[in-house]
Amino acid sequence: MAKSKLSNTNNKSESKVVSLEGKIPPQALEMEAGVLGILLRRKDAFSSVSDILKPNYFYKPAHEKIYAAIQQLSLSQNSVDILTVAQQLRQNGDLELVGGIEYLSSLNASNTASVVNIEYYARIIVQKYVLRETINSCSDSLIKAYNDTADVDEVLQGLSNAIFELQRNSMRRDFKHIEPVVNEALRRISEASKNKDKMSGIPSGFKELDAVTSGWQKSDLVIIAARPAMGKTAFVLSMAKNIAVDQNIPCAIFSLEMSDVQLVNRLIVNVTRITGDKIKNGTLEDHEWEQLNNKVNVLLNAPIYVDDTPQLSVLELKTKARRLVKEHNVQIIIIDYLQLMTAEGMNFYSREGEVSLISRSLKGLAKELDIPIIALAQVNRNNESRGATNSIDGRKPQLSDLRESGAIEQDADMVCFIHRPEYYKIYEDPNTGMDFRGLAQILIAKHRNGATKDINLRFINEYALFLNNGDDSFENRVVTSNRNKRSDVTNNIVTTPLPDIHADNDFDGISKYNIHQSEF
90 MAKSKLSNTN
100 NKSESKVVSL
110 EGKIPPQALE
120 MEAGVLGILL
130 RRKDAFSSVS
140 DILKPNYFYK
150 PAHEKIYAAI
160 QQLSLSQNSV
170 DILTVAQQLR
180 QNGDLELVGG
190 IEYLSSLNAS
200 NTASVVNIEY
210 YARIIVQKYV
220 LRETINSCSD
230 SLIKAYNDTA
240 DVDEVLQGLS
250 NAIFELQRNS
260 MRRDFKHIEP
270 VVNEALRRIS
280 EASKNKDKMS
290 GIPSGFKELD
300 AVTSGWQKSD
310 LVIIAARPAM
320 GKTAFVLSMA
330 KNIAVDQNIP
340 CAIFSLEMSD
350 VQLVNRLIVN
360 VTRITGDKIK
370 NGTLEDHEWE
380 QLNNKVNVLL
390 NAPIYVDDTP
400 QLSVLELKTK
410 ARRLVKEHNV
420 QIIIIDYLQL
430 MTAEGMNFYS
440 REGEVSLISR
450 SLKGLAKELD
460 IPIIALAQVN
470 RNNESRGATN
480 SIDGRKPQLS
490 DLRESGAIEQ
500 DADMVCFIHR
510 PEYYKIYEDP
520 NTGMDFRGLA
530 QILIAKHRNG
540 ATKDINLRFI
550 NEYALFLNNG
560 DDSFENRVVT
570 SNRNKRSDVT
580 NNIVTTPLPD
590 IHADNDFDGI
600 SKYNIHQSEF
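Throughout the sequence shown, residue numbering follows this note's numbering, covering 90 to 609 in sequence.
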């Protein structure tokens, strides 16, 4: 039996379609000729395929050039017929390349295709294009795979990105009648009415915040922004614990700033109430080892997926997010943080332009996957120089403080700022007497589908932990107007033994316990 060989078979100079010897790449030349013949005969036909076809979807180079000329004429609102198309091709320098006016006449004269089927023909052309591009992507990966120095992760990632982008660009959603959309909206309203907690989205676990948002909503892009040291990561990790551990809702965390082990150590501090220094150094007392054994089990079984790829690109994120949703039913994604992402492979005149594309892509991804995406973001120093040093409102961040791009504000469905007056040595509200020690404010500055409001939470700095205001799981002070009221922090120690972690364990390897670290 003769061995199969790879060869270039398409006559397009820019194409790289590779096929097995003797095999012709996927094509539908009769459909291509049929569509072009209809477009030359019927002036109103272009609108039926303009959202479906692009010139490069045609296999035959002559057909690609003819369709491009028809597209140019239609978009400039000029009449389309054999003579005008011939003139446009002449201006493009392509008339002789396509076979002259004689070939245009043959498309018109010998064409038996029905105008009522033009959309069907167009979709067949698209399908053949997608198959050819799939061959292209696979052949590129095949060539790279034969390279002895090839990085397997890069080869697989490149192939995965190419396929997903091909799906996104060629299989775009069409418009739909409002009836099924209304029915879906009514279904969601009915589901929400059955929830005793009145949550239509994913509860954050912070009661006052959830009362305003009704939970994080599907398809929403939520920006959580703050200056460094305000507790951005601590806030989303406290929230991830509330969502994945307490509610068993699958959650994915993309950590561009911290390693997976550092992130998990933070979660361990969160659930065990043992300080970060002790966790990092392993300097635990006997009762703290017992506490660790008892408490860490909730993390081992939690549906949390961690990815710590540095300088994560938009394409990588999309690929991984789609897999997480499909394979693990992930219902919320957290990104720490947006400005550390890249738009790899694209050129920008400014960092602002790159960040704008990233924020638009995140919003598009949230809509595509129909899940909320929570992205952390940095704010600039404007709030630190704004107003007097002891000004309460002057220190609060504003939408204009979002760093590197105003597009973040535009693309986001919600923008929340984390503000801790205590960090700026503002310990009391001079107007109300409210004690700011241990207080963290979540400032909802933008809410596309709801109210804006300032939410008060408790922040336990020692454990980088956010709690509901009034949560008495710690015995220390609840926020009040009594500035001098203090009490000690105590740990909540439980007694059920889990003797598989000991003082000689290597804490750098903590993520090997069954926290679901992604394979990406």
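All C-beta atoms, glycine included, are put in the ideal place defined by N, C-alpha and C.
- Residue pairing from DSSP places residue 340 in a beta bridge opposite 393 and 421.
- Under the three-state reduction of DSSP, residue 504 is assigned to strand.
- Annotation: the continuous beta strand (DSSP E) that includes residue 536 extends over 528–536.
- Assignment of residue 223 by DSSP, reduced to helix, strand and coil, places it in the helix class.
- Per DSSP, the unbroken alpha helix (DSSP H) holding residue 277 starts and ends at 267–283.
- By the neighbour-count criterion, in which a residue is buried when 16 or more other Cβ atoms sit within 10 angstroms of its Cβ, residue 516 is exposed.
- DSSP places residue 381 within a helical segment (H, G or I) once states are collapsed to three.
- The alpha-carbon of residue 133 is positioned some 10 Å away from that of residue 127.
- Going by beta carbons, residue 150 and residue 314 fall outside the 8 Å limit.
- Residue environment for residue 470: exposed (fewer than 16 other C-beta atoms within 10 angstroms of its C-beta).
- Burial of residue 306 is indicated by the presence of at least 16 other C-beta atoms within 10 angstroms of its C-beta.
- Residue 466 and residue 180 have their C-alpha atoms roughly 50 Å apart.
- Burial state of residue 234 is exposed, judged by a 10 Å Cβ sphere holding fewer than 16 other Cβ atoms.
- If only uninterrupted alpha helix (DSSP H) runs of at least 4 residues are considered, those enclosed by the segment 133–164 are 135–138 and 150–164.
- Here the segment 359–377 makes no contact with the segment 416–434; the two share fewer than three CB pairs at distances below 8 Å.
- Between residue 398 and residue 552, the CB-CB gap reaches or exceeds 8 Å.
- With a cutoff of 8 Å on beta-carbon distance, residue 137 and residue 222 are scored as not near each other.
- Around the CB of residue 508, 16 or more other CB atoms lie within 10 Å, so the residue is classed as buried.
- Per DSSP, residue 321 is one residue of the alpha helix (DSSP H) stretching across 321–329.
- In the three-state reduction of the DSSP assignment, residue 369 falls in the helix class, which pools H, G and I.
- By DSSP's assignment, residue 466 forms a beta bridge with 314.
- When only Cα atoms are considered, residue 191 and residue 247 end up about 44 Å apart.
- In this structure the segment 405–417 does not touch the segment 319–332; the number of beta carbon pairs closer than 8 Å is below three.
- Under DSSP, residue 359 takes part in no beta bridge, so it has no partner.
- In the DSSP annotation of this structure, the continuous segment of the beta strand (DSSP E) that includes residue 545 starts and ends at 542–549.
- Residue state for residue 556 is assigned as strand, using DSSP reduced to three classes.
- Counting C-beta pairs with one atom in each stretch, the segment 201–215 and the segment 113–126 have three or more that are closer than 8 Å, which means they touch.
- DSSP, read as helix, strand or coil, puts residue 243 in helix.
- About 5 Å separates the beta carbon of residue 396 from that of residue 343, a gap short enough to meet the 8 Å contact definition.
- A contact between stretches requires three or more CB pairs, one per stretch, nearer than 8 Å, and the segment 293–302 meets this requirement with the segment 541–558.
- According to DSSP, residue 402 shares a beta bridge with 431.
- Judged by their CB atoms, residue 338 and residue 400 are not nearer to each other than the 8 Å cut-off.
- Straight-line spacing of the CA atoms in residue 174 and residue 216 works out to 26 Å.
- With a cut-off of 8 Å on Cβ pairs, the segment 373–382 is not in contact with the segment 447–463, counting fewer than three such pairs.
- The beta carbons of residue 331 and residue 289 sit no closer together than 8 Å.
- For residue 124, the enclosing alpha helix (DSSP H) starts and ends at 118–130.
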